[in-house]
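Chains as they are written, first to last, in the working numbering: chain A, 500 to 823; chain B, 31 to 239.
Glycine included, every Cβ here is placed at the ideal spot set by N, Cα and C.
Here the structure is a predicted model, which is why all the values come from computation and not from measurement.
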Amino acid sequence: MVIKKAGDIKSSEITDRKTYLNRRQFMRGATLAGSVVATGFLYRQLLAPEPVLPTPTGKVAPDAQAAPKQWGLPGEEATPYQDITHYNNFYEFATDKYSVARTSQSLVTRPWTVSVEGLVNNPKVYDLDELLKLAPQEDRIYRHRCVEGWSMVIPWLGFSLSEVLKRAEPQGNARFVAFETVNDKKRNIPLTDALDWPYVEGLRLDEAMHPLATLASGIYGEALLPQNGAPIRLVLPWKYGYKSIKSVVRIKLVERMPPMTWNLAEPTLYGFYSNVNPKFAHRLRDQTAERRIGEYGKRETQMFNGYGDEVAQLYAGMDLNYYF
Amino acid sequence: MKEIKFYKVAIFINALVPLALVGWDWLHGRLGADPLNFVTRTTGTLTLVFLMLTLAVTPARKITGVQWLIRFRRMLGLYAFFYGFLHFTAYVWFDKFFNLRAAAEDVWRRPFIIVGLTSFFLMVPLAITSTNGMIKRLGGKRWQRLHKLVYLTAIGGVLHFYLLVKSDTRRPVIFGAILAVLLGYRLYVAYSSKLKAKPLSLTQTAPPR
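Here you go:
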């Protein structure tokens, strides 16, 4: 090692104090800026919301303020199309509500068939186009209440499920209807391992025959997008959202109460009936109130989601806290 | 010495970055359809992140031998409390709108909320006694014993997360695994030092040669 005596170093070679301090300031600034950028990047990767895709159709894009009045309910505005299409529970694609819009885009919805089978006199495999022409498509504006505690007002396009069931002619011993969601990986469904697939649901036959039970194929007059259950789904406005099964491929009439996916996963939380019930003491989510998407306050949840006049007689004499 | 001060400033600022970005996204309407729910969830996750960072300090210090890491622990712990406080506030404000009766009923009915609240309130005495003055007043031993409560907070926090998810348990399980490593390390150290202590006591009773 060469140790230079002080005299050997030319004074011009010594970094002067000011430059040294400047350099240190610079290093500190760079460390700070670099770490802040890295932290911000990490946050964006792990926690931040999904970047919001633009509404995928040019024709209807009513935002919260501009939603045409005819799409709303008395005193309740329709939920913006952007929110309806970017806040979705569709566990086959993703378990968070923000990324379903992105992960479901490549779902193959054509060709599509729906099989109506089981205890019926006229079983039939419908091609989608044929099914959609079975009855006139109507604008049906319903409240949609998720068991998680949020709700929307959605202008569906569809007709009553009973139109299909009537044509199938249920046999005398048919008491329930079982539904099944598509689970064909070739249709670009990632099928996360959050639940057992296919997603299945069920109704009592008289519930399924009720005019409010809707087979929907559109929202705001537009064909359903994959995240909303394209190309065809059930809408049961008086029940929690998970009962309204999406992307249906099978409708089967059966004698015994059919299984339902969420009930299989958590029997104490999700019952077969799953009627919206503010008195139900759900272990995970408060059922007494709900946040309407787009609003900051909370609304009181109504029994049967406000459809009691129409559907309450289906459950006359039943203890709905037992048959939840 | 001056460098440690600078690093403290750097950590202080970095810990505020997620909060700033949440605020920025909120102002620009980028928190999705249910921004209040998003804020509640994110502040909760950040609480767990800072709890893990706080608990990582001691293992990191012992393994690397970089003793001055301990100088950042208090700030990380206080940030865990800070984000926990925001999370708690978001619940009382955005979910219950300060309706204490509704909140009480909610707490009573939902175990995950009881677990979460307990974990948060356990942090309160730790935040209060985090100053140098309080350490002196309590005395190092007692202070350390009190601050072992943070283990309960961390376990409770992860349990709270695990109990509230509907079916996808990946994130809470990841936190659980990290916590298991951090607490497991401490158990291992305590256990192995006991093992070392044993033969020592044996030599004491052994007859002199």
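Looking only at 605/A, 806/A, 789/A, 822/A, the smallest Cα-Cα distance to residue 127/B is reached by 789/A.
Among the CB atoms of chain B, none fall inside 9 Å of the CB of residue 529/A. Note: residue 774/A is bridge-paired with 738/A in the DSSP secondary-structure output. Around the C-beta of residue 158/B, fewer than 16 other C-beta atoms lie within 10 Å, and the residue is accordingly described as exposed. For residue 677/A, the enclosing beta strand (DSSP E) has its first and last residue at 675-680. With contacts defined as CB atoms closer than 9 Å, residue 667/A and residue 730/A fail to qualify as a contacting pair. Linking residue 88/B to residue 696/A through their CA atoms gives a straight-line distance of about 44 Å.
Annotation for residue 591/A: no alpha helix (DSSP H) segment contains it, and DSSP assigns it neither H nor E.
Secondary structure of residue 651/A (DSSP, three-state): strand. Around residue 202/B, no beta-carbon contact reaches into chain A at under 8 Å, the shortest distance being about 12 Å. For residue 723/A, there are no neighbours in chain B by C-beta distance under 9 Å, as the nearest C-beta there is about 18 Å away. Around the beta carbon of residue 652/A, 16 or more other beta carbons sit within 10 angstroms, so the residue counts as buried. What residue 194/B touches in chain A, judged by beta-carbon distance under 8 Å, is 783, going in chain order.
In the displayed model, residue 750/A falls within a strand according to three-state DSSP.
Among the residues of the region 788-801 of chain A, those with a Cβ less than 8 Å away from any Cβ of chain B are 788, 790, 792, 793, 795, 796, 797, in the order of the chain. For residue 641/A, the enclosing beta strand (DSSP E) covers residues 637-644.
For residue 705/A, the number of other beta carbons within 10 angstroms of its own is below 16, and it is reported as exposed. Interface flag for residue 694/A against chain B is set, since a Cβ pair is found closer than 9 Å.
Residue-level contact check: residue 652/A does not touch chain B, since none of the beta carbons of chain B fall below 9 Å from its beta carbon.
Bounds of any alpha helix (DSSP H) do not take in residue 699/A; it lies within the beta strand (DSSP E) bounded by 699-703. Residue 612/A: member of the beta strand (DSSP E) spanning 612-617, first to last residue. One alpha carbon belongs to residue 211/B, the other to residue 545/A, and they sit about 21 Å apart. Boundaries of the alpha helix (DSSP H) harbouring residue 530/A: 516-545, taken from the DSSP string. Residues of chain B whose Cβ lies closer than 7 Å to the Cβ of residue 534/A are, in chain order, 40, 44. According to the DSSP secondary-structure assignment, residue 147/B is paired through a beta bridge with no residue. In the three-state scheme derived from DSSP, where H, G and I count as helix and E and B as strand, residue 196/B is classed as coil.
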